[in-house]
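Asker: Supplied in C-alpha cells, the structure appears directly below.
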Amino acid sequence: MATDSVYLLDDLALFDVLSTPVWIVDLERGHQWWANLACVPMWGAVDRAQLLAASAAGPGPSPTSRLRLEQLQRRLERGERAVDRWTLYPDHAKPFVAECRQQAIRIADGPGESVQLGMLVEARVLGDAEAELQDRRGIEALRYLGELVSLYGDAGEVLMRNPAAVAALGDVGHGDAFAASFVDPSQAPELRRRLAAEPVRLDVAVRTTTGARWYDTALRRSLDPVTGALLVTQTDITERRAHLAELERNRQQIAAQTDTLLRLAAPVVRVGARVLALPLIGALDRQRVAEAGKRGTSRRRGGRRGPRCPHSSLGRCARRLRVSPRDVLSRKKGQLPSPTC
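Residue numbers (my numbering): 11 to 351.
If you want it as C-alpha cells, here you go:
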C-alpha cells in the first residue's frame, strides 16, 4: 500500500474479506486503532467494537512492550518493514504465538483530522508444533547463556531458571525463592513495589552456592502463558566491584601522599618576630604557593609575638645602619649610633 497515502476507517473495509488477522496499532497511544473481522475470534472478542473498546480501555503496553514499540517505530519511520514472532495474550483465551509482519501506515480519525503514524500488523498464527519448535530454540539458547536468567511467580516461587542460574543459585527451594536469593531478603518487598511502576536495575549482593557475590540485576514484569511472572537477569560483577574498591583505596592513598609531599616541599619556617621563610624544594607551582600562603597566615594568626624592639625590628635597624643583624646584636654602647627608627 502507498506509504504516502492517508487512510480513514472507511478505507479499510476491504480487509474484512481476508481470513488473515490484520490490525492497526496507534503508536502514540499504544492500543489497537482498527482491526479486521478475522481478529475478533483470534482475540476472543464478541465483535469488533468490543475488541477495540477493550484495547482502548486497557492499561496500555508494559514498559518492555513500550520499548519494543518505540524501536519498531524508528524502523518504520525509516521505511523499513519488520517480521517478528509475538506471543499474544487475548482476554479469556489461550495465549498463542504468531508470526507478525509490520509496516508503517498513515492514518486519521476522519477527514480534516490530524494525521498520525500507525503500524499495520498482519499475523500468521503458528500451529502448536511450529510454536513448540520456536520455544525449544529459545530454551536451547538460554541453556548456553552465561548470565543468570530466572522467572519467578507472583509469590516468589521459581517458574524457570536457566542452567547458569541453577549452578549459581542452587536447587529450586520452596517459598519465596526470589527474596531468599538476596543476602538481605528485606530488599524484596521494596523491589516489588518499584516494579509496579517500571523495570528496575541495580547492583545487589546475591546468595550463591559459593557465598555472597555482587550481581548487576535487571528486573521487569513479564507475561507468562499461565500466570504473571517476574523476569530477573543477572551478571556477576564481583571482580569489577573489587577492582573499583581497590582503585578508590589507591586514589585516597595517592591523595594523602600528595598532601604530605606538598607540605614537605613547601615548609614555612619562622626565623624571627613576624618573619617567615619559605625554603624552595622543587618547582614553586601555584598549588605550593597556595599551601604556603595558607600555612603562613595560620602561623601569623596563631603564633606568639615577641616584645617589640623599641627601635623597631632588628632587621630594619640593621638595614638603616648598613651593618649585619649580628653586629647590631653584639654592638657595645657607644660603638654604633642609636638608630632613628
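Quick reminder that beta carbons are idealized off the backbone N, C-alpha and C, glycines included.
What you are looking at is a predicted structure, and each value in this text was computed from that prediction instead of being measured.
1) If we count the other Cβ atoms within 10 Å of its Cβ and call it buried at 16 or more, is Ser124 buried or exposed?
2) Around the C-beta of Ser75, are 16 or more other C-beta atoms found within 10 angstroms, so that it is buried, or is it exposed?
3) Considering only DSSP beta bridges, list what Ala108 is partnered with.
4) Please check the pair Gln113 and Leu86, which I expect to be a contact at CB under 8 Å, by giving their CB distance rounded to whole angstroms.
5) Is DSSP giving Thr243 helix, strand or coil here?
6) Please specify which runs of the beta strand (DSSP E), each continuous and at least 3 residues long, are wholly inside the segment 168 to 206, giving them in chain order.
7) Report all residues from its chain with a CB closer than 7 Å to the CB of Pro105; omit the five preceding and five following residues, and keep chain order.
8) Could you tell me if Ala174 is buried or exposed, where buried requires 16 or more neighbouring beta carbons within 10 angstroms of its beta carbon?
9) Is it buried or exposed for Val168, if we count other Cβ within 10 angstroms and need 16 for buried?
10) Can you give the Cα-Cα distance for Ala45 and Thr248, rounded to whole angstroms?
11) Apart from the five residues just before and just after Phe25, which ones in its own chain have a Cβ nearer than 6 Å to its Cβ?
12) I think Leu158 touches Thr243, with their Cβ atoms under 8 Å apart; what is that distance to the nearest whole Å?
13) Please report the straight-line C-alpha distance between Arg217 and Ala178, rounded to a whole angstrom.
14) Please report the residue range of the beta strand (DSSP E) in which Leu158 lies.
15) Over what stretch of residues does the alpha helix (DSSP H) that includes Ala215 continue unbroken?
16) How is Val15 classed by DSSP in three states: helix, strand or coil?
17) Rounded to a whole number of angstroms, what is the C-alpha to C-alpha distance between Val176 and Arg134?
18) Between the C-alpha atoms of Pro71 and His41, what's the straight-line distance to the nearest angstrom?
19) Between Val168 and the ligand HEM, is there a pair consisting of the residue's CB and a ligand heavy atom that are separated by less than 7 Å?
20) Just how far apart, CA to CA, sit Thr245 and Val214?
21) Would DSSP call Asp26 helix, strand or coil?
22) How close, in whole Å, do the beta carbons of Leu240 and Tyr162 come, if the pair is a contact with beta carbons under 8 Å?
Answerer: Reading from the atomic positions:
1) exposed
2) exposed
3) Trp96 and Val135
4) 7 Å
5) strand
6) 168 to 171
7) Thr97, Leu98, Tyr99 and Pro235
8) buried
9) buried
10) 50 Å
11) Val32 and Asn46
12) 7 Å
13) 9 Å
14) Leu158 to Tyr162
15) No alpha helix (DSSP H) contains Ala215, which is instead part of the beta strand (DSSP E) from Val210 to Thr218.
16) One point to set straight first is that residue 15 is Ser, not Val, in the sequence displayed. In this structure, Ser15 counts as coil in the three-state DSSP scheme.
17) 36 Å
18) 8 Å
19) Annotation note on the ligand HEM: not contained in the displayed structure, which lists no ligands.
20) 10 Å
21) helix
22) 4 Å
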